[in-house]
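Just so we're aligned, residue 160 is where the sequence shown starts under our numbering, counting upward by one.
Glycine residues also receive a C-beta, built at the ideal position from the N, C-alpha and C atoms.
Heads up: the structure comes next, in structure tokens.
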Amino acid sequence: MFAAAISLDITPEMVLRGQGANPAIITNRKPVLLENAERAIQEGMALLSPKIIERTIEVIKISHDRIYLENNLLIENRFITRELSSAGRISFIICTIGSAIEEKVSALYRSDPVLSLAFDGFGTAAIEALAAFACETVRIRAKEEDLCISIPYSPGMIEWPLEKGQNQIFSILQPDPLVVRLTPSFQMIPKKSMSMIIGIGTGFNHNDRQTCDFCAARQTCRYRLNRD
Numbered sequence: 160m161f162a163a164a165i166s167l168d169i170t171p172e173m174v175l176r177g178q179g180a181n182p183a184i185i186t187n188r189k190p191v192l193l194e195n196a197e198r199a200i201q202e203g204m205a206l207l208s209p210k211i212i213e214r215t216i217e218v219i220k221i222s223h224d225r226i227y228l229e230n231n232l233l234i235e236n237r238f239i240t241r242e243l244s245s246a247g248r249i250s251f252i253i254c255t256i257g258s259a260i261e262e263k264v265s266a267l268y269r270s271d272p273v274l275s276l277a278f279d280g281f282g283t284a285a286i287e288a289l290a291a292f293a294c295e296t297v298r299i300r301a302k303e304e305d306l307c308i309s310i311p312y313s314p315g316m317i318e319w320p321l322e323k324g325q326n327q328i329f330s331i332l333q334p335d336p337l338v339v340r341l342t343p344s345f346q347m348i349p350k351k352s353m354s355m356i357i358g359i360g361t362g363f364n365h366n367d368r369q370t371c372d373f374c375a376a377r378q379t380c381r382y383r384l385n386r387d
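Here it is, written out as structure tokens:
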């Protein structure tokens, strides 16, 4: 678990984007959705149970499609090996906000589906904010050693199959299953969870790159389209 105190700043615009909506359009045309987003933040913050499980591991050797790590650990994937070829260390991360938000979404679904959607958008915004907080923490630590970091890479990217990536991250971090676990289809429970790895080294320059560039849904994703 991260030792640093976790701080999340979530705005109504982030909640609307988490629903796949364009905040600029929604604010003018459907103010009730903005009101629901604000309500979801007010009530939802108390329901969050944010946790970050992280382990940074030294790279021993990179050869062909394999990254050899200390303690006889291994990542085997051509895409990841290529992307992290200049890494001296790799940070493995699992983030979750707990299950209370998705329970709230289910409880509201029949009686108030619009508010239910707002809480779901809040959950999406919260896990994205938590992941960003984790990445920034890794970046700050790296900067203290005059190092830089890669963009985060998550299982399910176009060249990193979900089942292989999830197995690799979970086998290395071995999180408490009461906190976060994998289903047989390699989805995470709680649903509002995220796994990723970040390279740490001297050769990373990603000013013109982002994680979305490697997502299989990058051409049709409504969340990305409403950010651009």
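{"Query": "What is the DSSP secondary structure of S222, reduced to helix, strand or coil?", "Result": "strand"}
{"Query": "State the Cα-Cα distance for the pair A301 and C294, rounded to the nearest angstrom.", "Result": "11 Å"}
{"Query": "How big is the Cα-Cα spacing for M173 and L337?", "Result": "28 Å"}
{"Query": "Comparing alpha-carbon positions, which option in I253, K263, R176 and S250 lies nearest L206?", "Result": "K263"}
{"Query": "Nearest to S344 by alpha carbon, out of M353, E322 and I357?", "Result": "E322"}
{"Query": "Among the residues of its own chain, which have a CB less than 6 Å from the CB of A284, if the five just before and after it don't count?", "Result": "I169, M173, V174 and G177"}
{"Query": "By DSSP, does G315 sit in helix, in strand, or in coil?", "Result": "coil"}
{"Query": "Using the three-state DSSP reduction, which class does N385 fall into: helix, strand or coil?", "Result": "Any reading at N385 must be qualified, since the residue scores a pLDDT of 48, below 50, and its modelled position is unreliable; no value is offered."}
{"Query": "With 16 other CB atoms within 10 Å as the buried threshold, where does M222 fall?", "Result": "It is Ser, not Met, that sits at residue 222 in the sequence shown. Exposed."}
{"Query": "Can you list, in chain order, the residues of its chain whose CB lies under 7 Å from that of K220, leaving out five sequence neighbours each side?", "Result": "Y227"}
{"Query": "Taking I357 and P320 to be in contact with their CB atoms under 8 Å, please state how far apart those CB atoms are, rounded to whole angstroms.", "Result": "So it is not a contact: roughly 19 Å between Cβ atoms."}
{"Query": "For S275, name the three-state secondary structure that DSSP assigns.", "Result": "helix"}
{"Query": "Could you compute how far the alpha carbon of L232 sits from the alpha carbon of I212?", "Result": "18 Å"}
{"Query": "What residue range is occupied by the uninterrupted alpha helix (DSSP H) comprising G360?", "Result": "Where G360 is concerned, there is no enclosing alpha helix (DSSP H), although the beta strand (DSSP E) it sits in stretches over S352 to G360."}
{"Query": "Determine the direct distance from the alpha carbon of P190 to that of E217, and round the result to whole angstroms.", "Result": "50 Å"}
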